[in-house]
Amino acid sequence: MENHKIYLDNAATTKILESAYHAMLPYFGEYFANPGGLHKMASDNRRAIAGARKTIADAIGATEREIYFTSGGTEADNWAIKGIADTAPANRKHIITTSIEHKAVMHTCEYLQRYRGFSVTYLPVCPQGTVNTEDLRRAITPQTALISVMFANNETGVLQPIKEIGEIAREHDIIFHTDGVQALGYVPIDVSELNIDMLSISSHKIYGPKGIGVLYVKDGIPIAPLLHGGNQERNRRAGTENVPGIIGFATALETVRKDMEEEARRLFTLTQLAIEGMLAMPLCRLNGDKIKRLPHIFNVSFENVDPEILQMLLDKQGIVVAGGAACTSGTDQVSHVLLAMGLDERQARGAIRISLGRYNTENHIKTLLAKLPPILEKLRNT
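Here the sequence shown is numbered in the working numbering, starting from 791 and rising by one per residue.
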């Protein structure tokens, strides 16, 4: 990281907090036992997992028995959608989602369409990136079993009207799932207040370890297991528990919750400074709503600029940004999110995502704004 002094790709992953790192260490060594055993070492680890489960449940307004540990957000999304598909009545094989979902949701829905006979409605979004709830109402049929709409977009940071969507789902007795991976730790999430039946969250977006996530499943939701094997997670998610990961996740979440509102205000101020500075540059546009978004993520397009070369030149200056979602980096795919928002292919190809975190400062933003203009001029003149 010596050459990467300004890291602005926190939506892809975050640097682990020292508190989380140190909390995990004993569970790689002294407390290494499998929690499924009958001996004291195992029961000690079960108690540690129970404490972490309560910490995470309290953070989202749930109960401990509604928290299920997974390997991350992708597994949680897959399980939520396939698990409901497996228990849905034969006459309810319709899913509603959006055209801007994370690939973990989109590809799972495509799988159910191709191999399981489900029909899927992909709701459009407006140019600012939000779903119209009237479009959702019109899409509902007697066959609809599930609505899955992400809490906030991973490329633009735009927030969706989650509470209203949850209310509509409840009115029609339809299960509502939301991918909250990017939102956790940056905006308040209360599953009861927001009418959420299932919520996917992940540790490594909030300064915890990679490889651990959670699916919240409201009591009474009839979800089938995705993985079969042992009786872990109350017979719903087989596999030996990732004890260090679970402890690290809970510790990181507990830490970020303590100053979440203050940190969100700080990050929003910094991103506004960055946005205003970039919009003052020639041929730059903001992709997504300027206000209704997460405090730390925004997306801009620079006309007549190759974003991959722009990223590389910034990287040489010690500034790390992204061309879009980390799951599509290294591919030639145009962002499906930006195309769904009405950008043409040229505009979508010229986009970069900037995402701030706890370790970023105002000086980082000022450095970015100073380095960008000569790089843009160079790229447009070659």
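We put the beta carbon where it would ideally sit given N, CA and C, even for glycine.
The closest CA to that of G1035, considering only E808, A813 and A802, is found on A813. Contact between the stretch 1101-1114 and the stretch 1152-1169 is present, with at least three C-beta pairs closer than 8 angstroms. H1154 places its beta carbon less than 8 angstroms from that of I796. Remark: C-beta atoms of L1043 and T803 do not approach each other more closely than 8 angstroms.
I806 counts as buried, since no fewer than 16 other beta carbons sit within 10 angstroms of its beta carbon.
Residue environment for F966: buried (at least 16 other C-beta atoms within 10 angstroms of its C-beta). Here DSSP, grouped into helix, strand and coil, assigns A880 to coil.
Annotated three-state conformation of S992 is strand, per DSSP. In the DSSP annotation of this structure, the continuous segment of the beta strand (DSSP E) that includes Y912 starts and ends at S909 to L913. Just so you know, the alpha carbons of D834 and T853 end up roughly 21 angstroms apart.
When the five nearest sequence neighbours on each side are left out, the beta carbons in the same chain lying within less than 7 angstroms of the beta carbon of E954 are those of T923, in order along the chain. Excluding sequence positions up to five before and after Y912, its CB lies within less than 7 angstroms of the CB of T887, T888 and S889, all in the same chain and listed in chain order.
Taking C-beta atoms as the reference points, V1033 and P825 count as a pair closer than 8 angstroms. Secondary structure in the stretch 1025-1103: the beta strand (DSSP E) runs of 3 residues or longer, each lying completely within the stretch, are 1074-1076 and 1087-1092 in chain order. The C-alpha of L798 lies about 25 angstroms from the C-alpha of T968.
With contact defined as three or more Cβ pairs closer than 8 angstroms, the stretch 1047-1067 and the stretch 892-907 are not in contact. F859 is bridged by DSSP to V1004.
At least 8 angstroms separates the beta-carbon of G970 from that of G1078. The beta carbon of G1019 sits closer than 7 angstroms to the beta carbons of A1028 and G1029 from its chain, once the five residues preceding and following it are set aside; these are given in chain order. Beta-bridge annotation (DSSP): F966 is paired with I937. With a contact defined as Cβ atoms closer than 8 angstroms, A894 and F941 miss out at about 14 angstroms. Here Y976 is not near M988, since their CB atoms are 8 angstroms or more apart. In terms of Cα proximity to L1133, the closest of A849, V915, R1055 and I1109 is V915.
Contact check for G1010 against I986 fails: the beta carbons are separated by 8 angstroms or more.
Note on L828: under 16 other CB atoms within 10 angstroms of its CB, so exposed under the neighbour-count rule.
With fewer than 16 other CB atoms across the displayed protein chains lying within 10 angstroms of its CB, P879 is exposed. The three-state reading of DSSP puts Y817 in helix, counting H, G and I together. Setting aside the 5 residues that flank it on each side, A810 is surrounded in the same chain by G998, G1038, T1041 and A1042, each with a C-beta closer than 6 angstroms to its C-beta; the list follows chain order.
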